[in-house]
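**Student:** Have a look at this one.
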Amino acid sequence: MDLPAQIRSGLQSQGLPPPSIAWIQTAMPNRNPLPPLPALIATVKTRFLAADLSNPALFDSPSPAFPPNAGNPEVKEVKLTWDIPVQVLDIENLSKSKWEQIEELEAIARGEQTRGREVIRLPTGNEEDEFAADNQTTQSTINGAERPGIQGRGGPATSTNAATKTSTHRLVLQDCKGQKLYGLELKRIERIGIGSLNIGEKIILKRGAILARGTLLLDTTTCTILGGKIEAWQKDWVEGRLARLREAVGADSRNGQ
Numbered sequence: 001m002d003l004p005a006q007i008r009s010g011l012q013s014q015g016l017p018p019p020s021i022a023w024i025q026t027a028m029p030n031r032n033p034l035p036p037l038p039a040l041i042a043t044v045k046t047r048f049l050a051a052d053l054s055n056p057a058l059f060d061s062p063s064p065a066f067p068p069n070a071g072n073p074e075v076k077e078v079k080l081t082w083d084i085p086v087q088v089l090d091i092e093n094l095s096k097s098k099w100e101q102i103e104e105l106e107a108i109a110r111g112e113q114t115r116g117r118e119v120i121r122l123p124t125g126n127e128e129d130e131f132a133a134d135n136q137t138t139q140s141t142i143n144g145a146e147r148p149g150i151q152g153r154g155g156p157a158t159s160t161n162a163a164t165k166t167s168t169h170r171l172v173l174q175d176c177k178g179q180k181l182y183g184l185e186l187k188r189i190e191r192i193g194i195g196s197l198n199i200g201e202k203i204i205l206k207r208g209a210i211l212a213r214g215t216l217l218l219d220t221t222t223c224t225i226l227g228g229k230i231e232a233w234q235k236d237w238v239e240g241r242l243a244r245l246r247e248a249v250g251a252d253s254r255n256g257q
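Given below as structure tokens:
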């Protein structure tokens with residue numbers, strides 16, 4: 001088996017959808033000699049999770065995608081008959097007010113998030129730096145004292161209070177063909193949250209997931225979060241959503257006068 005095929009097999013063994021051999025060749029580091037196979041797999045995995053799934057070169061044809069008429073609201077319920085990789089384009093906490101969402105996004109823009117009274121410093125480097133920091137911990141500050149923080153990338157930096165545990169999030173998910181569907185938490189998924197789920201992050205919708213009235217119903221048994229982020233999308237999303245929320249709050253204030 002040649003090297004790109006070995007890398008592809010290694011990615012599959014980690015639960016990732018196998019990218020095309022041609023794409024793997026472009027994602028391999030341009031070094032001579034090449035690093036060992038485990039390091040190559042890790043590098044290609046990082047680049048895969050930071051890639052746009054709608055890139056036609058990423059997968060061999062046909063790409064796993066939403067079934068025909070998936071967004072038809074007249075279809076009461078259907079179950080997916082195959083695993084589908086998707087990427088996150090948008091996330092909204094339906095349980096929080098506009099002001100609470102603004103405060104949350106402003107914290108993310110500053111590179112931090114709150115957990116109760118504790119301030120969590122989030123990683124601000126690029127995707128490869130974050131993967132390299134998997135086994136490192138950040139430091140958090142509470143009442144002026146330093147305390148061990150959460151995993152730099154492995155643990156979600158969201159609030160762990162009761163409000164978050166009962167939150168409901170709605171996602172916009174995009175498949176490999178560029179088709180978009182809403183995804184709604186049917187049951188709480190801890191990893192999904194503003195600040196812990198990134199824009200461009202990859203998710204596997206498992207066979208058997210329910211598609212009801214054009215909306216995917218998400219729970220821990222039919223949804224596997226792979227990780228990743230597309231930096232440019234994340235930055236644009238935070239800035240754009242903040243602007244929209246502030247405009248909506250301003251409009252509400254004017255209408256209430």
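The opening residue of the sequence shown carries number 1 in the UniProt record's numbering; numbering runs sequentially from there.
Even for Gly, the Cβ is constructed at its ideal location relative to N, Cα and C.
Identify the continuous alpha helix (DSSP H) that holds residue 37 and give its terminal residues.
**Tutor:** 37–49
**Student:** So the candidates are 101, 38 and 60; which of them puts its Cα closest to the Cα of residue 244?
**Tutor:** 101
**Student:** Below 7 angstroms between beta carbons: does that hold for residue 201 and residue 229?
**Tutor:** At the C-beta level, residue 201 and residue 229 come within 7 angstroms of one another.
**Student:** What's the gap between the Cα of residue 196 and the Cα of residue 92?
**Tutor:** In a straight line, the C-alpha of residue 196 is about 12 angstroms away from that of residue 92.
**Student:** Within 10 angstroms of its Cβ, does residue 183 collect 16 or more other Cβ (buried), or is it exposed?
**Tutor:** The residue is buried, with at least 16 neighbouring Cβ atoms inside 10 Å.
**Student:** Count the other CB atoms within 10 Å of the CB of residue 68; is the residue buried (16 or more) or exposed (fewer)?
**Tutor:** exposed
**Student:** Throw me the rounded Cβ distance for the residue 89 and residue 199 pair, which I believe falls under 8 angstroms.
**Tutor:** Confirmed, about 7 angstroms.
**Student:** Quick check: residue 208 and residue 76, are their CB atoms within less than 7 angstroms of each other?
**Tutor:** no
**Student:** Note the first and the last residue of the continuous beta strand (DSSP E) segment covering residue 215.
**Tutor:** 215–218
**Student:** With DSSP as the reference, label residue 85 as helix, strand or coil.
**Tutor:** Per DSSP, reduced to three states, the secondary structure at residue 85 is strand.
**Student:** With respect to the alpha helix (DSSP H) encompassing residue 104, which residues constitute its N-terminal and C-terminal limits?
**Tutor:** 98–109
**Student:** When you compare the segment 19–33 with the segment 47–63, are there three or more beta-carbon pairs, one atom per stretch, that lie closer than 8 angstroms?
**Tutor:** yes
**Student:** Quick one, which of 233, 242, 223 and 249 has its alpha-carbon nearest residue 82's?
**Tutor:** 223
**Student:** Need the endpoints of the alpha helix (DSSP H) that residue 10 sits in, please.
**Tutor:** 3–13
**Student:** Give me the Cβ distance between residue 188 and residue 94, rounded to the nearest whole Å; I'm assuming they're in contact under 8 angstroms.
**Tutor:** Actually they do not touch by this definition, with Cβ atoms about 12 angstroms apart.
**Student:** Take the Cβ of residue 26 as the centre, count every other Cβ of all protein chains shown within 10 Å, and call the residue buried at 16 or more, exposed below.
**Tutor:** exposed
**Student:** Measuring alpha carbon to alpha carbon, tell me which residue in 247, 238, 4 and 249 is nearest residue 110.
**Tutor:** 238
**Student:** Regarding residue 181 and the ligand COA, is the C-beta to nearest heavy atom distance less than 6 angstroms?
**Tutor:** As for the ligand COA, it is missing from this structure, which has no ligand bound.
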